[in-house]
Structures are given as structure tokens and as C-alpha cells.
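Enquirer: Read the sequence shown against the working numbering and you will find it ends at 266, with the numbers running on by one and no gaps.
Where a beta carbon is used, it is the ideal one built from N, C-alpha and C, also for glycine.
Keep in mind that this is a model prediction, so the values were computed, not measured.
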Amino acid sequence: MRLFSAAAIAACCASAHAFSDSSPFLLFSTSKLSTPASQEQLQSSSQALSSAKQLLSSCPTERYLVISQPNLNAAYLSSKDAVPKLRQSLDKAASRFSVAEVAGELDLKQIANYIREACEGKNPSIDELDLAPIPSADSARTLKQNDDELGMVFEQYDAEGSYTIIYAGGPRTEAPKSYTAEFPGSMNTELKRQLHNVGRRADNTTAKLPLFEKYQYFTPGIFMGLVAFSILMTILYVGIAGVASLEVPYGAFDKEMGPAAQKKQQ
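1. Where are the beta strand (DSSP E) runs, 3 residues long or more, that stay fully inside the segment 82-114, in chain order?
2. Identify whether tyrosine 217 lies in helix, strand or coil by the three-state DSSP scheme.
3. For the segment 115-135 against the segment 87-106, do three or more pairs of beta-carbon atoms, one drawn from each stretch, fall closer than 8 Å, so that the two count as touching?
4. So threonine 30 and alanine 74 are supposed to be a Cβ contact under 8 Å. How far apart are they, rounded?
5. Can you confirm whether the segment 143-159 touches the segment 49-61 when touching is taken to mean that 3 or more C-beta pairs between the two stretches lie within less than 8 Å?
6. Quick check: the Cα distance between proline 210 and proline 220, rounded to an integer number of angstroms?
7. Bridge partners for glycine 161 per DSSP, in chain order?
8. Give me the Cβ distance between isoleucine 165 and tyrosine 76, rounded to the nearest whole Å; I'm assuming they're in contact under 8 Å.
9. For the putative contact between proline 70 and threonine 173, defined by C-beta atoms under 8 Å, what is the C-beta separation to the nearest angstrom?
10. To the nearest angstrom, how far is it from the Cα of leucine 293 to the Cα of serine 34?
11. Residues in the same chain with beta-carbon distance under 7 Å from glutamate 105, minus the five sequence neighbours each way, listed in chain order, please.
12. State the Cα-Cα distance for the pair glutamine 216 and tyrosine 237, rounded to the nearest angstrom.
13. Excluding the five sequence neighbours on either side, which residues of its own chain have a C-beta within less than 8 Å of the C-beta of leucine 49, listed in chain order?
14. Any idea what DSSP makes of arginine 268, helix, strand or coil?
15. Reducing DSSP to helix, strand and coil, say where alanine 241 ends up.
16. Does phenylalanine 218 pass the burial test, meaning 16 or more other C-beta atoms within 10 Å, or should it be called exposed?
17. Is leucine 26 closer than 9 Å to leucine 86 when the C-beta atoms are compared?
18. Hey, would you say threonine 90 sits closer than 9 Å to tyrosine 157, going by beta carbons?
19. Do you know offhand how far valine 243's Cα is from proline 249's?
20. Using DSSP with H/G/I as helix, E/B as strand and the rest coil, what is glutamine 69?
21. Going by DSSP, what residue range makes up the alpha helix (DSSP H) through glutamine 54?
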């Protein structure tokens, strides 16, 4: 079983607080627990439920406390002073298991029912505690009040023997805050101006322009091709004209039969 200190759990929760629609899950016990199959810090509700069942399958303690904290977010646990009583109990626990972000709502009733099934015949004590929902306006104050209430409960559990605590987010009573981009006044004005110019350019349609203004027919490639063709045709014309201008008399090809030709033959 991988052991986490309270500071390590809080740091892990703080690093993943961007997932505003998820909640952390903590399970700690005074008994040694087995190592869960998945130790990832981002899990679905079904994965976290499966890990919890694996840890509780052996019915490790006599008493169990299932704590539901509605609207819980990992960012609320990032401060060292947010839940001091919960941190003290975590430090004293023999085994700890935490998931920084559980996506989706975790059914804590199902965990309590599973403990009853796993501990059948042992008559375990299973308590379910529903804390006050954390409001978005004054979350620190509500967390402190709930932590004080937990501190008194933990003192009773410490005095009575072995126990296991499950602490997780309950049903959400408030929708998670969504991010809205805000820009300075000058930037916002410039952005609107640019969008307005884009809209004006988009309105300039070319449907009514003449054919030769809408499309480009005479490209640089065509122009260079025509120039090269003109030069080659000029060279061909000069060559043909030169050959055609040659004048040779027909007598130049006749055989000489006169006295001069006979003297040459002798």
C-alpha cells in the first residue's frame, strides 16, 4: 500500500484543481490495507468505487464512517489550514488511499451497502455522516465548521478502537463555475474593430463582377510560355526563309561535253 502524508495528498489535490466538476476521494484506516489495483490520481467514479471495494473486501476494522461532503472540490483541500482535524486523523492512520480527482458522482450509499455485505456475520458499526454543503461564496468558513464537527467525531472513534474513514464529495447543490474570458477595455475594442472589418470584407461579393475581373486568365506562366514560343517561331522562320532563298541554276548539274571537258579527261 502506497502511503501518503497529508501534505502530499493536499499537494496532489491542488495540482489537479482545474477539474471543477470532480471531487477528491480519501480512505484511511487504523488497519493495514492491501494495495489497490489502480492508484491513478484521475479516475472515474466506477474506478474509484472498485478501488474502495477492493480495500474494504477484507472487512479490516470494526467501525466505519462514510462522510459525504457536497460540493467538495480538490481546490478546497489545497490550503494547509482548510481542514486541520482531517489532516491530523490522516497522519495517525496506518493506511491511506487517495484519488485527487473522481469524475462523476460517487455513490457513497453503495459503499456502505458493500461494507455490510463484506462484513456479514461480523456485525460492523457503519455510520453515515452528511456534512453541510460547501457554498461557493463562503467556502472557507463552511469547511472550517465541518472540520470542527469531524474533529469531535474522530475523537470518539479514536477512543473506541479500530476504524476506517471514507471521505468523498456528495451530491452537488451548486453547478461548478465555468470560465468566462475577460479582456481589458482597449483590447476588447480592438478585437471588436477587427471583427467588424472582417465582416465588411466578407460582405464584398464578386458575383456581379465581369468575367475577366472575377478570374485571372493571363498568368505569368502563360506569359513566359508565349515569349519562348515567339522566339522559337522567329528562329524557325529565319531558317526556312534562308533555305528558301538559295538559287542554284539548273546547268550546274549538267555534264560538260565540250573541248575543255575532253582535255580534262585526258
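Expert: In short:
1. 95-103
2. To locate residue 217, count along the sequence shown from 1; it is residue 217. Reduced to three states, the DSSP call for tyrosine 217 is coil.
3. no
4. As a working note, residue 30 is residue 30 in the sequence shown. As a working note, residue 74 is residue 74 in the sequence shown. With 8 Å as the limit, threonine 30 and alanine 74 do not qualify as a contact, their Cβ atoms being about 25 Å apart.
5. no
6. In the sequence shown, residue 210 corresponds to position 210, counting from 1. In the sequence shown, residue 220 corresponds to position 220, counting from 1. Roughly 21 Å between the two C-alpha positions.
7. Along the sequence shown, one-based indexing puts residue 161 at 161. Partner(s): none; glycine 161 has no beta bridge.
8. Locating residue 165 in the sequence shown gives position 165, counting from the first residue. Locating residue 76 in the sequence shown gives position 76, counting from the first residue. Not confirmed; about 18 Å, so no contact.
9. Here residue 70 is taken as the residue at index 70 of the sequence shown, counted from 1. Here residue 173 is taken as the residue at index 173 of the sequence shown, counted from 1. 5 Å between Cβ atoms; contact.
10. Because the chain here runs from 1 to 266, residue 293 falls outside it and cannot be looked at.
11. Stepping through the sequence shown from its first residue, residue 105 is reached at position 105. Once the five neighbours on either side are set aside, the close Cβ partners of glutamate 105 are Ser45, Pro171.
12. To locate residue 216, count along the sequence shown from 1; it is residue 216. To locate residue 237, count along the sequence shown from 1; it is residue 237. If you take the alpha carbons of glutamine 216 and tyrosine 237, they lie about 32 Å apart.
13. Here residue 49 refers to the residue found at position 49 when the sequence shown is read from its first residue. Excluding positions up to five away in sequence, the list reads Leu106, Asp107, Gln110, Ile111.
14. Missing from the structure shown is residue 268; the chain here goes from 1 to 266 and no further.
15. The count along the sequence shown starts at 1 and reaches residue 241 at position 241. Alanine 241: helix per DSSP, three-state reduction.
16. For the purposes of this step, residue 218 is taken as the residue at position 218 of the sequence shown. Exposed, by the Cβ-count rule.
17. Numbered from its first residue, the sequence shown carries residue 86 at position 86. Numbered from its first residue, the sequence shown carries residue 26 at position 26. Result yes, Cβ atoms of leucine 86 and leucine 26 sit closer than 9 Å.
18. Position 90 of the sequence shown, counted from the start, is the residue given in the question as residue 90. Position 157 of the sequence shown, counted from the start, is the residue given in the question as residue 157. For clarity, residue 90 is leucine in the given sequence; the question names threonine instead. No, these two residues do not count as a Cβ contact at 9 Å.
19. Against the sequence shown, residue 243 aligns to sequence position 243. Against the sequence shown, residue 249 aligns to sequence position 249. Each residue's Cα considered, the two are about 15 Å apart.
20. The residue you call residue 69 lines up with position 69 of the sequence shown. In the structure shown, glutamine 69 sits in a strand (DSSP, three-state: E or B).
21. Here residue 54 refers to the residue found at position 54 of the sequence shown. Run containing glutamine 54: 45-56, per the alpha helix (DSSP H) assignment.
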